[in-house]
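In what follows, a structure is listed as structure tokens, so that the remarks can point back to it.
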Amino acid sequence: MIRIALRMLTGDTAKYVGLIGGVAFAVMLMAQQASIFVGLMLRTAAQVIDVVDADLWVMDPRVIYVEEIEPLPESALWRVRGVAGVDWATPFFKGLTVARAPDGRLQQVFVLGVDDASLAGGPPVMLQGSVEDLRRPGAIVIDRVGALFIWPGEEPAPGKMLEMADRRATVVGIAEASAPFTTFPVIYTRYSEALRFAPPPRKPLSYILVRAQAGEDIDALAERITAETGLLALRWQDFAWRTIRYYLTRTGIPINFGITVALGFIVGAAVVGQTFMIFVLENLRQFGALKAMGVSNGTLLRMVLAQAGAVAAIGYGLGIGLAAVFFEVTGRTNVDLRGFFLPWWVAAIVAFAVVVIILVASVASIRKALTLDPAVVFK
Amino acid sequence: MSAVVTARGVAKDFPSGDGTIRVLHGIDLSVRSGEMLLLVGPSGCGKTTLISILAGILSATEGAIEVLGQDVRHLTPSAAARFRRETVGFIFQQYNLLPSLTAAENAAIPLVIRGERLDRAARKARAVLDGLGMGAHADKLPKQLSGGQMQRVAIARALVHEPPFIVCDEPTAALDAASGHEAMRQLRESAVRPGRAVVVVTHDPRVYGFADRIARMEDGRIVELAEDAAAIRRMTEH
């Protein structure tokens, strides 16, 4: 009977395509909206996520997200280095300045100053040039998309010049960096150069990056740093979440975008549920005939669930594929949309949502079939 | 001839507003092995309700119904489904063929319901369709068939599992006179045999001649029973 149920499903090509299309559209809507929201939130912590060589970020305890910097005194660096279990601790500068291109074009940029000696906290992925080139005077590494903003229409390449705070900077490398929330170009340079390129406050040290000694318990080390220095030490994941939480709780973004995501889910649920329910209701007379001929309620239930499972699986596969293609294409063709992707767990949540929606629609519609008076076929 | 179906004092109430309305009043009827009985009468007289009860689709409010000695009135829903699956063949007025299945697959449905694989059941159904002159159309979808051909597929579906009891609801209502006559002829030839009872609900007097007996109903009661050729002829003329 399951085979017959599936044949009933695919018998009318137009209806079948409409049903699968409806589910696929709903899945795409849910996955795409939720993924964009996730991508937007991850952008807020992009510069935290991109520092791959440190175990801990150390900061003033009043810092609640990465952009709200409370500078530290230079002595903080020495105090952190003195904590047992610290392998190395390096200064990290984060600031904003205005870059001037040779043609006079102005562009606000992030300046990230990494340790002069170790270059710890440098670009995560180098596309052209080497991180070691940062040791040259006035050297900067710029992120690929940032270079396109500053030199539109030109292939990003080392050798280009910039001015920041009336000082000349030379591009020595092109890096791939996570898209920041504000989409400003990201410029990496040595700590000492950064203080010249971005006018520093009285205390220039933004953060301290810490690597734990081999075998050291990182959480215990973070607690020890906090206890001994009075500074806040966080794993990068915790600092990223702290930043994301700030945007979630202190800005209107989650409410505004959350409404869009919620609408995506509601519209998706309505499309999936209603489409499937209409399909079952349209087949009610056929179910009635089968019931009259002796099909049990259990078999009817299995038939509808088989139809629901097929619709959900095919519709989900198409919809999630479309969402993935959307991010793949837009990520390649539109620099403003880079960094947005389809997280596996969003795909999993959408799958769960589709299963729930389809089950609810199945139960709602099968109830009609199960309570159907088989005598309907004589009417 | 022994009775395949026996109904004694069958009454049926349906809910109506705050109370109930009685649509069948103490029906006594038996359908014998090897006979075709026609239930006739005006619309709303209770014909369809009566065959629904005899076929185990509806339960009677009062009375006793036995099919091959089995009490049909007090079956649980699952037992009623099993009874219909094993014992009854159905022919519906609107055919109720599944549009996405071929004629052979449609005719095979009762076998599939009983647990056979669709492809094997369809092979058996093809033989029944052959017997009804539908062999050439076995692989066609219902939308490719005429009304008469669809009715023959419905007849094949009612016969394929060789049930001892067949109920037909207005089998000629959707057919023109020639097709209706042909459908009744084939039903008569293929369905009526020893050990099986066939009950046909109709209000088409042109097919009365195919009956062994005719029960005429009015207002939920059997008011006349034509039991021989002369009586049937008189009823047809009236």
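Residue numbers (the working numbering), protein chains in the order written: chain S, 326 to 704; chain F, 11 to 248. By construction, the Cβ of each residue, glycine as well, lies at the ideal position given by its N, Cα and C atoms. Note that the structure is predicted; figures quoted are calculated from it, not measured.
Using the Cα positions of residue i and residue j, report the straight-line distance between them to the nearest angstrom.
i, j, result
"Y341(S)", "G640(S)", "11 Å"
"G336(S)", "L111(F)", "8 Å"
"P579(S)", "I361(S)", "12 Å"
"R527(S)", "R460(S)", "25 Å"
"M160(F)", "T182(F)", "11 Å"
"S621(S)", "I374(S)", "57 Å"
"D481(S)", "V680(S)", "Before going on, a small fix: residue 481(S) reads as Pro here, not Asp. Spanning the two alpha carbons is a distance of roughly 46 Å."
"R692(S)", "M602(S)", "11 Å"
"G36(F)", "I67(F)", "18 Å"
"R663(S)", "P386(S)", "32 Å"
"L534(S)", "V348(S)", "47 Å"
"G642(S)", "A356(S)", "12 Å"
"P462(S)", "E518(S)", "8 Å"
"A523(S)", "V466(S)", "15 Å"
"L615(S)", "R332(S)", "14 Å"
"L235(F)", "Q196(F)", "24 Å"
"A3(F)", "M618(S)", "Since the displayed chain F opens at 11 and closes at 248, residue 3(F) lies outside it and no answer follows."
"V14(F)", "F175(F)", "7 Å"
"T71(F)", "K22(F)", "5 Å"
"P668(S)", "R430(S)", "37 Å"
"V376(S)", "R627(S)", "52 Å"
"L128(F)", "V122(F)", "6 Å"
"R657(S)", "I499(S)", "17 Å"
"V450(S)", "T655(S)", "21 Å"
"W403(S)", "P477(S)", "43 Å"
"A379(S)", "G447(S)", "10 Å"
"L606(S)", "Q599(S)", "10 Å"
"R124(F)", "A131(F)", "10 Å"
"V456(S)", "A673(S)", "38 Å"
"R575(S)", "E393(S)", "13 Å"
"V743(S)", "V671(S)", "Because chain S here runs from 326 to 704, residue 743(S) falls outside it and cannot be looked at."
"P427(S)", "T585(S)", "42 Å"
"D238(F)", "S40(F)", "15 Å"
"K150(F)", "R231(F)", "42 Å"
"E192(F)", "P52(F)", "23 Å"
"G145(F)", "A137(F)", "8 Å"
"A330(S)", "V636(S)", "12 Å"
Counting only Cβ pairs nearer than 9 Å, list the residues of chain S close to residue i.
i, result
"R95(F)", "M618, G619, V620, S621"
"R203(F)", "Correct list: empty, because the minimum Cβ distance to chain S is about 21 Å."
"A137(F)", "By Cβ distance, chain S contributes nothing, its closest Cβ being about 20 Å from A137(F), past 9 Å."
"V82(F)", "Chain S residues near V82(F): none, gap ~13 Å exceeds 9 Å."
"R92(F)", "G619, S621"
How would you list, in chain order, the residues of chain F whose beta-carbon sits under 8 Å from the beta-carbon of residue i?
i, result
"G343(S)", "What G343(S) touches in chain F: nothing, since even the nearest Cβ is about 15 Å away."
Let me check one thing: in DSSP terms, what residues is residue i bridge-paired to?
i, result
"I499(S)", "Q453(S), I467(S)"
"M763(S)", "Residue 763(S) lies beyond the residue range present for chain S, which begins at 326 and ends at 704; the question has no answer from this structure."
"R42(F)", "A13(F)"
"F24(F)", "I31(F)"
"W382(S)", "L534(S), L559(S)"
"T658(S)", "BP columns for T658(S) are empty, so no partner."
"R6(F)", "Residue 6(F) lies beyond the range of chain F shown here (11 to 248); nothing can be said about it."
"F417(S)", "Y532(S)"
"I232(F)", "M227(F)"
Determine the chain F residues that contact residue i at a beta-carbon separation under 7 Å, and present them in chain order.
i, result
"R328(S)", "L128"
"G336(S)", "P109, S110"
At 7 Å on the CB atoms, spell out the chain S contacts of residue i, in chain order.
i, result
"S88(F)", "S621"
"I31(F)", "Near I31(F) there are no residues of chain S at all, since even the closest Cβ is about 16 Å away, more than 7 Å."
Below 9 Å on C-beta distance, what does residue i contact in chain F?
i, result
"M333(S)", "L108, P109, S110, L111"
"Q632(S)", "Those do not exist, as Q632(S) stays about 12 Å from chain F at its closest Cβ, beyond 9 Å."
"R610(S)", "Q104, N106"
Interface residues of chain S around residue i at Cβ under 8 Å?
i, result
"I119(F)", "I329, L615, M618"
"V20(F)", "The premise fails here: V20(F) is roughly 15 Å from chain S at the closest Cβ pair, so nothing lies under 8 Å."
Taking contact to mean at least 3 C-beta pairs separated by less than 8 Å, is the segment 193 to 210 of chain F in contact with the segment 41 to 53 of chain F?
yes
When the Cβ atoms of the segment 510 to 527 of chain S are set against those of the segment 420 to 437 of chain S, are three or more pairs found closer than 8 Å?
yes
Hey, is the segment 110 to 125 of chain F in contact with the segment 216 to 226 of chain F, meaning 3+ C-beta pairs nearer than 8 Å?
no
Does the segment 480 to 499 of chain S come close enough to the segment 400 to 409 of chain S that 3 or more CB-CB pairs lie under 8 Å?
no
Quick one: complete alpha helix (DSSP H) runs, 4+ long, within the segment 45 to 81 of chain F?
57 to 64
Could you tell me which whole beta strand (DSSP E) segments of length 3 or greater appear in the segment 419 to 453 of chain S?
431 to 439, 450 to 453
Beta strand (DSSP E) segments (min. 3 residues) lying fully within the segment 478 to 545 of chain S
486 to 489, 492 to 501, 511 to 515, 532 to 537
Can you list the alpha helix (DSSP H) stretches of 4 or more residues lying completely in the segment 550 to 579 of chain S, in chain order?
561 to 575
Would you check if the segment 16 to 34 of chain F and the segment 380 to 396 of chain S touch, i.e. whether three or more CB-CB distances between them fall below 8 Å?
no
Entirely enclosed alpha helix (DSSP H) segments - the segment 119 to 180 of chain F, minimum 4 residues
119 to 123, 128 to 141, 157 to 169
Every unbroken alpha helix (DSSP H) inside the segment 605 to 639 of chain S [4 residues or more]
609 to 617
Could you say if the segment 153 to 170 of chain F and the segment 76 to 96 of chain F meet the contact criterion of at least three C-beta pairs nearer than 8 Å?
no
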